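A.B. asks: Take this structure, written in structure tokens, and hold onto it; I'll ask about it next.
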Amino acid sequence: MHEHILFAVLSPLVGFLLCGLLDRLNFIGEKQASREFLLGMLSTLSVVIPFVFGIGFLLELLSLPENLRLFVVPVYEWFAAGDMQVAIAYQIDTLSVTMMLVVTGVGSLIHFYSIGYMHGDAGFARFFSYLNLFIFAMLNLVLAANMPLMFLGWEGVGLCSYLLIGFWYDRRFDGVGISTTTDAANKAFVMNRIGDFAMLAAMFLIFQRIHTLDFNAILAQLSAFDDTHLFWITLLIFIGCTGKSAQIPLYTWLPDAMAGPTPVSALIHAATMVTSGIYLISRLAPLYTLAPSTMTLIAIIGALTAIIAATIALAQNDIKKVLAYSTVSQLGYMFLALGVGAFSAAMFHLVTHAFFKACLFLGSGSVIHALEDEQDIRKMGGLRTAMPATATTFFVGSLALAGFPLTAGFFSKDEILMHTFASGQTLLYAIGILTAGLTAFYSMRLYTLTFLGSARYDLHQHPHESPFTMTLPLWILAALSVLGGLLNLPAVLVEHGVLHRWLLLPDITHSLSHAAEWILLGASSVIAIGGLFFAYSIYSKSPLEAESGWRLLLAKKYYIDELYDILVVKPFQSVLTRSTDAVERLLLNNTFNGLGTAMLALGQVLRRLQSGVAQSYAIAIMFGLMVILTFILFNIS
Amino acid sequence: MELSLNHYLWLSAFMFTVGVVGVLVRRNAILIFMCVELMLNAVNLSFVAFSHFLADIQGQMMVFFVMTVAAAEVAVGLAIVISLFRNRQTINMDEINLLKG
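Each protein sequence line maps, in turn, to chains Z and F.
Using our numbering, you'd call the opening residue of the first sequence number 1 and step up by one each time.
Using our numbering, you'd call the opening residue of the second sequence number 1 and step up by one each time.
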């Protein structure tokens, strides 16, 4: 089974090519709906195929004993330079199969959803081709057996993020230093690249030491690295992850990435691309356990990001921006878990977060669609009666986000908090539990302002429930947001959760008495329910908020974007513009114009040879003949 | 003074060179033709000299062919010169430079 992995990986690439070629097909007119459906299903199928393969791999691995659950499938010799040999090789083990299932499972649901969402869009086929390319790159990322191939996928998802954020390339989008969707796409890509630079440096360091970039080889030769090496490699990889997974300091691109269509936000900026940083660190977990200072830094940055993003989310009025900052915050939780050595808990939260965040984003897309592109929650309200399916699934997703007891989000968030507390990092635990309260608060605020109360939208609009292609994924994801908790129940209920036993990551376990665990579970539940109720009581009565200094500071995101703009963006832009101007004017123009002028002058000289008089040509022939004779007579060769 | 093969060959070479220079330098088309004939005759002289001094008749047979071809060439060439004069009203080769670049 595992030897057919190339078929699974290439399937979305084939979908990309087909959809791209069909872009010229006419999607307007009578046959529009059926043609759209056909193309959308074709695209979805090319993501469902790898999902089915993922299930197959899962079953295959389950049939093997724990220590044999690893396959490396080499496919092609990519390049060899000196003593560096890089092959296209895929690794099928528990971690990569988990990620593969999440990516392709949530991905196919979002593809199916997009058939309804992108209905009538002029770039319908282009959208699906980009989505398929993204899935291809993401699969390469999670299934790669060596770092260069993973980096190929890493860059590929960055590229697709750029293509999809700027999908509606002729639209305006307002932000700090940003006026079009293309600017937002550029911002995302460039910030990613800053992180990628650090990643490359880490890869150079690894190669310099052990002359291989194969994951298994790296993890087998950890003793070859000394402490400074370990510190720098882990730190640089983490910086790369802050870029891709939107942590401090490279997180400001994610809220601006909401310029793209909502399915893009759901897939790329909630469920898959942003989680690739967490995946990478989990993959290199044995490396990280040897670098405790970096782990502490990761935990601190994760916790800080979680709480800062949560506070910003409290004051946002765009439905997608709230969810974007929520994503940044939840990713902070995952990094906090990684930092305290709870790798399985981080992966667990990754999986559950993919479920409920995708559910929330798709639900918000449903609302945006129904209200004809209205995204301001101050202009919504009372949609529960008009859109019952969306409202119910959004509510379930919100409960999971807030960590309401027995939802998937509850179990995964609580796992992280328990591990944080057990590791002795009580300050980080305090930040975590406070953030949980804020999370519950802004989730309920979002739900209340959008769906409850009286209608604040333009009454000429008649919002209605979205079509089946959009609501089916919502129901599936909502169900998963509830049932997903079964994947890894806490230690008070089962000895070791299913996911923990499946992944077998080198978690740093700390013992915690059962009583302490029950207390922590209770604390999380109280905070979650309390936050939900508190927000409900405030916002169901007075949905409009008073402007105040605090609210403005939060709404302006602590002016961090402005700070980056002044400190980094504007200086770079002015220096680069001026220097490129100078280089272009002085050097390039003169060189190329000079070349042209020289050619013209040469031509003027040579044209005198063409006198038109036959005798001068005869003289030239004679001259040549003399030269040849001289060579022959004097035996020069 | 005994005339050897060398004397004839030197004369032939001299005539040939005068003919070449004449072709390259002269302006009048008919004079250019005369110089071409001079070159052909120089070659004929050379053939006959070899034929005599190597006692081989083939040299003189070659001269027959050369003379025939020279005659035919003159006929065609003069026809071209007449045609040229009809179009350009001149046979001064310096003025016929339509191919000037």
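Backbone N, C-alpha and C define an ideal beta-carbon position, used for all residues, glycine too.
Remember, it's a predicted structure, so these values are computed and weren't measured experimentally.
Just confirm the distance between the C-beta atoms of Z:I239 and Z:Q221, as a whole number of angstroms; I'd bet it's less than 8 Å.
C.D. replies: Between Z:Q221 and Z:I239 the Cβ distance is about 23 Å, and since that is not below 8 Å, they are no contact.
A.B. asks: Assuming Z:I416 and Z:H349 make a contact with CB atoms under 8 Å, what is their CB distance in whole Å?
C.D. replies: Sure, about 6 Å apart at Cβ, within 8 Å.
A.B. asks: The stretch 591-607 of chain Z: which residues have C-beta closer than 9 Å to a C-beta of chain F, in chain order?
C.D. replies: Cβ contacts with chain F: L606, R607.
A.B. asks: Report yes if the CB atom of Z:G332 is closer than 7 Å to the CB atom of Z:T305, and no otherwise.
C.D. replies: Yes, the pair counts as a contact, with Cβ atoms nearer than the cut-off.
A.B. asks: Per DSSP, what are the beta-bridge partners of Z:Q461 in this structure?
C.D. replies: DSSP lists no partner for Z:Q461.
A.B. asks: Please specify which runs of the alpha helix (DSSP H), each continuous and at least 4 residues long, are wholly inside the stretch 581-611 of chain Z, giving them in chain order.
C.D. replies: Taking only runs of at least 4 residues, the alpha helix (DSSP H) segments lying wholly in the stretch 581-611 of chain Z are 590-606.
A.B. asks: Would you mind reading off the limits of the alpha helix (DSSP H) that contains Z:Y325?
C.D. replies: That run of the alpha helix (DSSP H) goes 319-339.
A.B. asks: Less than 7 Å between CB atoms is the rule here; does F:G101 satisfy it with respect to chain Z?
C.D. replies: F:G101 counts as touching chain Z.
A.B. asks: For Z:Q247, name the three-state secondary structure that DSSP assigns.
C.D. replies: The answer is coil: DSSP assigns Z:Q247 none of H, G, I, E or B.
A.B. asks: Which residues, in order along the stretch 620-634 of chain Z, keep a beta-carbon less than 9 Å from a beta-carbon of chain F?
C.D. replies: Here the close residues are M622.
A.B. asks: Does the beta carbon of F:M93 sit closer than 7 Å to a beta carbon anywhere in chain Z?
C.D. replies: Judged by the 7 Å Cβ criterion, F:M93 is in contact with chain Z.
A.B. asks: Going by DSSP in three states, F:I96 sits in which element: helix, strand or coil?
C.D. replies: Looking at F:I96 - three-state DSSP - the assignment turns out to be coil, as it is neither helix nor strand.
A.B. asks: Is Z:I218 a contact residue of the ligand GDP, with contact defined as CB to any heavy atom under 6 Å?
C.D. replies: In the structure shown, the ligand GDP is absent, as is every other ligand, since no ligand is present at all.
A.B. asks: At a Cβ threshold of 7 Å, is F:N97 touching chain C?
C.D. replies: Reference to chain C is not applicable here, since the protein chains of this structure are Z and F.
A.B. asks: Could you pull the DSSP bridge partners for Z:D93 from this structure?
C.D. replies: Partner(s): Z:L70.
A.B. asks: Please work out which residues of its chain come closer than 6 Å, Cβ to Cβ, to Z:E584, disregarding the five sequence neighbours upstream and downstream, and give them in chain order.
C.D. replies: Closer than 6 Å at Cβ, skipping near neighbours: no residue.
A.B. asks: Pull out every residue of the stretch 57-70 of chain F whose Cβ sits closer than 7 Å to any Cβ of chain Z, in chain order.
C.D. replies: Cβ contacts with chain Z: none found.
A.B. asks: Which runs of the beta strand (DSSP E) at least 3 residues long sit entirely within the stretch 447-510 of chain Z? Give them in chain order.
C.D. replies: Runs of the beta strand (DSSP E) inside the stretch 447-510 of chain Z: none found.
A.B. asks: Who does F:A72 pair with in a DSSP beta bridge?
C.D. replies: According to DSSP, which records beta bridges pairwise, F:A72 is partnered with nothing at all.
A.B. asks: Does any C-beta atom of chain Z lie closer than 7 Å to the C-beta of F:L84?
C.D. replies: By this cut-off, F:L84 is not an interface position.
A.B. asks: How long is the line joining the alpha carbons of Z:I55 and Z:A8, rounded to whole angstroms?
C.D. replies: Taking the straight line joining both Cα atoms gives about 11 Å.
A.B. asks: Can you name, in chain order, every residue of its own chain whose Cβ lies under 6 Å from the Cβ of Z:H419, other than the five neighbours on each side?
C.D. replies: Once the five neighbours on either side are set aside, the close Cβ partners of Z:H419 are V340, A342, A345.
A.B. asks: Please state if the CB of Z:C160 and the CB of Z:F134 are separated by a distance shorter than 7 Å.
C.D. replies: The answer is yes: Cβ separation under 7 Å.
A.B. asks: At 9 Å on the CB atoms, spell out the chain F contacts of Z:Q610, in chain order.
C.D. replies: Result: L99, K100, G101.
A.B. asks: Could you confirm whether any beta carbon from chain F is found closer than 7 Å to the beta carbon of Z:V613?
C.D. replies: Closer than 7 Å to some Cβ of chain F, the Cβ of Z:V613 qualifies, so yes.
A.B. asks: Is F:L24 closer than 7 Å to Z:I619 when the C-beta atoms are compared?
C.D. replies: In this structure, F:L24 lies closer than 7 Å to Z:I619 by Cβ.
A.B. asks: If you reduce the DSSP assignment to three classes, tell me which class Z:S513 lands in.
C.D. replies: It is coil, neither helix nor strand.
A.B. asks: Compute the distance between the beta-carbons of Z:V142 and Z:S96, then report whether it is under 7 Å.
C.D. replies: Taking 7 Å as the Cβ cut-off, Z:V142 and Z:S96 qualify as a contacting pair.
A.B. asks: Quick check on the burial criterion: 16 or more other C-beta atoms within 10 angstroms. Buried or exposed for F:M67?
C.D. replies: Flag for F:M67 reads exposed.
A.B. asks: Could you give the DSSP three-state label for Z:Y169: helix, strand or coil?
C.D. replies: It is coil, neither helix nor strand.
A.B. asks: Is the stretch 171-186 of chain Z in contact with the stretch 256-271 of chain Z, if contact means three or more CB pairs nearer than 8 Å?
C.D. replies: Because the criterion of three Cβ pairs below 8 Å is met, the stretch 171-186 of chain Z and the stretch 256-271 of chain Z touch.
A.B. asks: Examine chain F for any beta-carbon lying closer than 7 Å to the beta-carbon of Z:A618, and answer yes or no.
C.D. replies: Chain F, which has a Cβ nearer than 7 Å to the Cβ of Z:A618, makes this yes.
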